[in-house]
Every structure is written in structure tokens, then in C-alpha cells.
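**Q** So the protein lines, in turn, are chains Z and D. Everything in the first sequence is counted per this note's numbering, starting at 391 for the first residue and increasing by one. Everything in the second sequence is counted per this note's numbering, starting at -11 for the first residue and increasing by one. We put the beta carbon where it would ideally sit given N, CA and C, even for glycine. Just dropping this structure here.
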Amino acid sequence: MFKLAYLALDKVNQGIIILDKDLKIFFWNAWLEQYTGKSQDETIGQKLPQLFPDLSRKPCLDAFQGALFHQQSRFLSGALHHCFIAPAGDIRKDVRQNLLVEPLYCDDEEYILLQISDLTGHYSRVKQLKHMIKEIDNEYEQVRAAEKINRFKAFHDALTGLPNRYLFYDRLDNAISMAQRNKEMLAVAFLDLDGFKEVNDSYGHEAGDLLLQAVAERLRELLRESDTLARLGGDEFLLIFPQIKGEADAATIAEKILAALAYPFMFWGLEIYLTASIGISLYPKDAKDSRNLINKADLAMYQVKNSEKNDYHFYNSSI
Amino acid sequence: MLNPLQKDVLTELVNVYVGYAANLLSEMVGLRILLSVPRVELIPEAEMEQGGLPLPEIFSPGHIVSSYISFGQDFRGKAFLVFPVQQAKLLVNACTGEQLLLEEGDAVPPRFLDTDFDVLKEISNLILNAVIGEFGNLLETRVVFTVPEVELIDVTESDQRLFLKDGVYILILHTTFTVAEIQVQGVIMIALNLNSVSCLLQKIDALLEGQDV
């Protein structure tokens, strides 16, 4: 029976060492013979910490003492201690071993049982896994950033960076709900540049694009944070002025816009003059939904276009 | 359960015990680690089960990392070291010198790999051995230990009570780890049978009487 247990320990797929109370090797299994290149004949009776200096480090000696004198079992991880018993002729760089130290008693004698597992392969897989997780995290971040950009692109005009038609409708619906809840007024302005086609025809599309960007910038500077400026396409812009007290507020903003556009736009050594036609509709007076408010502002704008231009008109039922 | 004087003595004793463990841990990881137990409670498990007493805050429903050892002979019971999952990861990272910043968002528990569990196993082994071993010395009794098992547990309200079911009395040591200027909160819970609790209280009372003399 004893021989059978002995043979079994030799077959175990990890290092098994039994030490006596003087830390001399009492048992050294076959796995360790192969792993270290040291035979039982070379090791039995030798002091383990002298044979393998890594085992003379304080945590190991503490663990041996704890097992011998306090019957404590101790686990020492490869993550913190790396290696306890150097493998023979091993070219692997970062050998990791777990060590389990347990007290043993036999015939009133105290022994220590050491179990050593080589986890180098496992650690290297964990390292790869961590690397992979990091890469996936990075890729996920990139996807998230790309998504954010795409979401922005889906709702903004590429040339001016202003909200596009879809975002404008969304903002207008929200502004209407808010105005309805708070019993407030809001204005929608439809702005069409006068003479933009001539600029495009005379100086080319590139100049037209620069002009649209400059107009967007100039209009943006005039607005409150709660206002919305959107580009509908071509030279058409839409604006929302929420929380206004009456027609007069909307008129003031429209006048400011016309005044701001009266200054020439300078680029390529050119001095370009532009004006705008603005149509304004009011919630809840003219319409209570976004589509009708925009339509009515559009109609009012065409009234300006068909007359003297460079002006603003409020929608009225006679249009 | 403990009168104020007994509580003071027990608090002082366990602070000395975890102090030993902190020294061992500091040597092991090459960092200055401080351990303190500012608060100690001894609660009859029946009262906890009936919902008469609140569980430590650390047991709020969610993921926790728990490791436990059982110990026996004259001083019998089970000892647990319990951390909220984020805190456990922070402790592992501090000990292995990895990045201390965890991912944002409390809803996502940090990723634990086997090697992280090995580190926690070793830390809890050291701390629980030190605490239980010193209790054994105090009671002048031989204590036999097992090596801790570490688990990541999703604790629901009902699980919390089952988790503690084994002992008659629960000694709760609210523990603070200070590693590399970060603080990690955990709880050492020792589930003790009636006999062990009696021995412990007798010993504490004897210490108190000794002081009076």
C-alpha cells in the first residue's frame, strides 16, 4: 500500500516535495526529476533552500515555519513570486509557478508537503488574453468614436457643420412641445440668401462654399444658445427662436441678421456683398406643428423675395 | 453582544493581528501595506437571519469576491475575506503593480482572470492565517487551517443570509487596506460556533480582569 502511494505520487503531474523539520528533502517525485534534471539520489537529504535559492526567500521560509510550527497551509502565487524551483535547460523567459505549502504529520514527526505547479504557459496565455482584451477595448473605443462621428454626420450639414433638416425638425418638435407645456411663443425663420447664385456663377462653387461657411459663422455669432440655426440646403437656412415674448422679439433678431449680413464678406482678395430674405412664422399664432410653421415661414420668405428682398416679413393669412 | 470594554479589547487585538499580516504582505509585494480594523462586531447569526440586524454594507446586492478558509479543533469555524468586486480588483492591481484606474461605470464588474484569483487567494491566505492563527495563540489552542478558496459571487438579497449560514456567531472585522496610497475596503467575517465564542469571550474577560488588577 505504501509503495502504491509512493508510485502514485511519482505519477502526479506536478512537483511534490516532502521536507522534514530541518527542511531536508524527504521525498522528491519523478515530475521534479524531469523538470529540474535533479534525480532523487541528488536531492534526498539535501536542504531544499540551499539547493534552490528562490525557496530561501522570506515568504517561503515564513510559509515553511508556519506549516511546521503553526500547522498553517500557505499558498504562494506565481503572479507575485514568479518562480520557486528553476527548471533545467528551460528557455522560457518568465517562468511562473504556484506553490502550496501544507503541514504533514506521520508517527509524531512533522513534515511539510510542497506542491509546485508550472503555470508558465497559462500565464503567457493570460498575458495574450489581456493583450487581446486591451486591443478589443481599443477597437471598441474606435468604433464608438466612429459611431459618434457618423451620428454627427447624419444630423449635420457637412459644409457648415450646422444641424441639417432632420435635426432641425427634431429640435423644432421639441421646442413646440416645450412652448406648449410652458404656454410660450416661438418663431421659425426661413432665410434665403439673395444673390448667392451670382457669386457661384462668377467665382465658382468653391467660393460659394466659402461664402456659405462665412454666412453660417456670422449668423451663429448672433444667436442665443437656445436658438437653432440649420442649413436646409443650397443657400437656405432655417432658424428657431424659442421663448420669445412677441412679434417684436422676432423682428429684432431678423433686423440684427440683416444688419450683420450687410457687411461685406472678404476672401481671395474679394469683397462680396450679400443680403437675405427672411420669412417668419409664429407658434401658436400661425401654426401648431413643425411642418406648417416651416411652410408658412417659407411663404413669408417668398413674399420678401418677390418684392424688394433684403427684408423680413411675418406670415399673415393674406399671403 | 459585546460590551464596550470587550469590543475595545477585541478591536485592539485584531488590529495587532492584521498588523502582522500587513507586514508580511508588505514584504511580499514590496510595497508599504497598512491594514486596520476600525470596527468590530460580534453578531449572533440567528439575529442576522431574522433580519434583526443589518448586514455589513459590503453585502449590498451585486458581485463580491469572497475567499474562505475553514479551521478546526478547539477553535472552530470558517473565516471569510469579502470585497466588493471593484475593491478586490483594485487590491490585485496594486499588489501586482498594474494600472490602478478601473474602467468607468459601476454596472460592469471588472474582468477577473485566474491569475487575479491566485493573488487574492494568497492575500486572503496570509491575512486569514494571521488572524485565525493569532486567535489560536490567544486561546492557547491548536488551529488547523485549509487553504482559501476564492470565488466571484453574484450576491442577491436572499443569498446573503445563506452565505453566512455555517456558524452560530459572526465576528465581523471591517478592514481597510492601504496600498500604494489607495484605500481598499473589505470585511473579514469569522463564523464561530458557540464554544469558540465562549472561549474567546472568556479570554477577553480574563484579559480585562488582568488589566484591572
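CB-CB under 6 Å to Arg534 of chain Z, same chain, minus the five flanking residues each way: which ones, in chain order?
**A** Once the five neighbours on either side are set aside, Arg534 of chain Z has no close Cβ partner at all.
**Q** Could you confirm whether any beta carbon from chain D is found closer than 8 Å to the beta carbon of Lys538 of chain Z?
**A** By this cut-off, Lys538 of chain Z is not an interface position.
**Q** Is the shortest distance between the beta-carbon of Asp62 of chain D and the beta-carbons of chain B less than 8 Å?
**A** Within the model displayed, chain B is absent; protein chains Z and D are what it includes.
**Q** So, is Asn403 of chain Z buried or exposed, given that buried needs 16 or more other C-beta atoms within 10 angstroms?
**A** Looking at its Cβ environment, which holds fewer than 16 other Cβ atoms inside 10 Å, Asn403 of chain Z is exposed.
**Q** In whole angstroms, what is the alpha-carbon distance linking Asp599 of chain Z and Pro632 of chain Z?
**A** Straight-line Cα distance between these residues: approximately 29 Å.
**Q** Taking the Cβ atom as the reference point for each residue, do Phe558 of chain Z and Leu613 of chain Z lie within a distance shorter than 8 Å?
**A** Going by C-beta atoms, Phe558 of chain Z is not nearer than 8 Å to Leu613 of chain Z.
**Q** Report the three-state DSSP secondary structure of Asp484 of chain Z (helix, strand or coil).
**A** Of the three classes helix, strand and coil, the one that applies to Asp484 of chain Z here is coil, per DSSP.
**Q** Would you mind working out which of Z:Leu648, Z:Ala597 and Z:Asp676 sits nearest Gly659 of chain Z, comparing C-alpha positions?
**A** If we check each option's Cα against that of Gly659 of chain Z, Z:Ala597 comes out closest.
**Q** Tell me whether Arg346 of chain Z is buried or exposed, calling it buried when 16 or more other Cβ atoms sit within 10 Å of its Cβ.
**A** This structure does not reach residue 346 of chain Z, given that chain Z is present from 391 up to 709, and the question cannot be answered.
**Q** Between the segment 488 to 508 of chain Z and chain D, which residues of the former have a C-beta closer than 7 Å to a C-beta of the latter?
**A** Within the segment 488 to 508 of chain Z, the residues whose Cβ lies closer than 7 Å to some Cβ of chain D are Asn488 and Leu490, listed in chain order.
**Q** Exposed or buried, what is Pro493 of chain Z when buried is set at 16 or more other beta-carbons lying within 10 Å of its beta-carbon?
**A** Result: buried.
**Q** Label Asn528 of chain Z either buried or exposed according to how many other C-beta atoms from any shown protein chain fall within 10 Å of its C-beta, with 16 as the threshold for buried.
**A** That one is exposed.
**Q** Rounded to the nearest angstrom, how far is the Cβ of Lys109 of chain D from that of Val138 of chain D, given a contact under 8 Å?
**A** Indeed, because the Cβ distance is near 5 Å, the residues count as touching under 8 Å.
**Q** Could you check which residue in Z:Ala677, Z:Ile670, Z:Ser697 and Z:Leu601 has the C-alpha nearest to that of Ala690 of chain Z?
**A** Ranking Z:Ala677, Z:Ile670, Z:Ser697 and Z:Leu601 by Cα distance to Ala690 of chain Z puts Z:Ile670 first.
**Q** Going by CA-CA distance only, name the one from Z:Ala469, Z:His521 and Z:Trp418 that's closest to Gly85 of chain D.
**A** Selected option, being the one with the closest Cα: Z:Ala469.
**Q** With respect to the alpha helix (DSSP H) encompassing Gly468 of chain Z, which residues constitute its N-terminal and C-terminal limits?
**A** Taken as a continuous stretch (DSSP letters only), the alpha helix (DSSP H) holding Gly468 of chain Z covers Gly468 to His471.
**Q** In three-state terms, what does DSSP make of Gly198 of chain D?
**A** Here Gly198 of chain D sits in helix by DSSP.
**Q** Once you ignore the five residues that flank Asp676 of chain Z on each side, which residues in its own chain have a CB closer than 6 Å to its CB?
**A** Excluding positions up to five away in sequence, the list reads Lys686 and Tyr705.
**Q** Apply the 10 Å Cβ neighbour rule to Leu69 of chain D and answer buried if 16 or more other Cβ atoms are within range, or exposed otherwise.
**A** Buried.
**Q** Measure the alpha-carbon distance for Glu423 of chain Z versus Ala9 of chain D and round it to whole angstroms.
**A** Spanning the two alpha carbons is a distance of roughly 35 Å.
**Q** Would you call the CB atoms of Ile502 of chain Z and Ala457 of chain Z closer than 8 Å?
**A** Yes, these two residues count as a Cβ contact at 8 Å.
**Q** Which of the three DSSP states is assigned to Asp94 of chain D in this structure?
**A** Here Asp94 of chain D scores only 49 on pLDDT, less than 50, and its place in the model should not be relied on; the value that follows carries that caveat. Of the three classes helix, strand and coil, the one that applies to Asp94 of chain D here is coil, per DSSP.
**Q** Closest Cβ-Cβ distance between Gly65 of chain D and chain Z: below 8 Å?
**A** No, no contact with chain Z.
**Q** Compile a chain-ordered list of the residues in the segment 440 to 457 of chain Z whose CB is closer than 7 Å to at least one CB of chain D.
**A** Per Cβ criterion, the list reads Lys448, Pro449, Asp452 and Gly456.
**Q** Could you tell me whether the Cβ of Val485 of chain Z comes closer than 8 Å to any Cβ of chain D?
**A** It does not: the Cβ of Val485 of chain Z has no partner Cβ on chain D nearer than 8 Å.
**Q** Is there a Cβ of chain D sitting closer than 8 Å to that of Ala620 of chain Z, yes or no?
**A** No, no contact with chain D.
**Q** Strictly by DSSP, which residues pair up with Phe580 of chain Z?
**A** Z:Leu628 and Z:Gly669.
**Q** Closer than 9 Å, Cβ to any Cβ of chain Z: which residues of the segment -1 to 22 of chain D, in chain order?
**A** Going along the segment -1 to 22 of chain D in chain order, one finds Leu12, Glu15, Met16 and Val17 with a Cβ nearer than 9 Å to chain Z.
**Q** So which residues on chain D does Ala469 of chain Z lean against when the C-beta distance must stay under 7 Å?
**A** Those within 7 Å of Ala469 of chain Z in chain D are Thr84, Thr103, Asp106 and Val107.
**Q** Give me the chain D residues within the contact set of Ile523 of chain Z, using Cβ-Cβ distance strictly less than 7 Å, ordered along the chain.
**A** What Ile523 of chain Z touches in chain D: Arg99.
**Q** Below 8 Å on the Cβ atoms is my contact criterion, and I expect Ala666 of chain Z with Leu576 of chain Z to pass it. Report the Cβ-Cβ distance as a whole number of Å.
**A** Not a contact, Cβ separation roughly 20 Å.
**Q** Can you list, in chain order, the residues of its chain with a C-beta nearer than 8 Å to that of Leu196 of chain D? Leave out the 5 residues immediately preceding and following it.
**A** Leu(-7), Gln(-6) and Val(-3), listed in sequence order.
**Q** Taking the Cβ atom as the reference point for each residue, do Leu388 of chain Z and Ile668 of chain Z lie within a distance shorter than 8 Å?
**A** The question about residue 388 of chain Z has no answer, for chain Z in this structure spans 391 to 709.
**Q** Drop a sphere of 10 angstroms on the beta-carbon of Cys450 of chain Z, count the other beta-carbons inside from all chains shown, and report buried for 16 or more, exposed for fewer.
**A** Answer is buried; the Cβ neighbour count reaches 16.
**Q** Taking only three categories from DSSP, how would you classify Asp679 of chain Z?
**A** In the structure shown, Asp679 of chain Z sits in coil (DSSP, three-state: anything other than H, G, I, E or B).
**Q** Taking the CB atoms as reference points, tell me whether Ala395 of chain Z and Phe442 of chain Z lie closer together than 8 Å.
**A** Going by C-beta atoms, Ala395 of chain Z is not nearer than 8 Å to Phe442 of chain Z.
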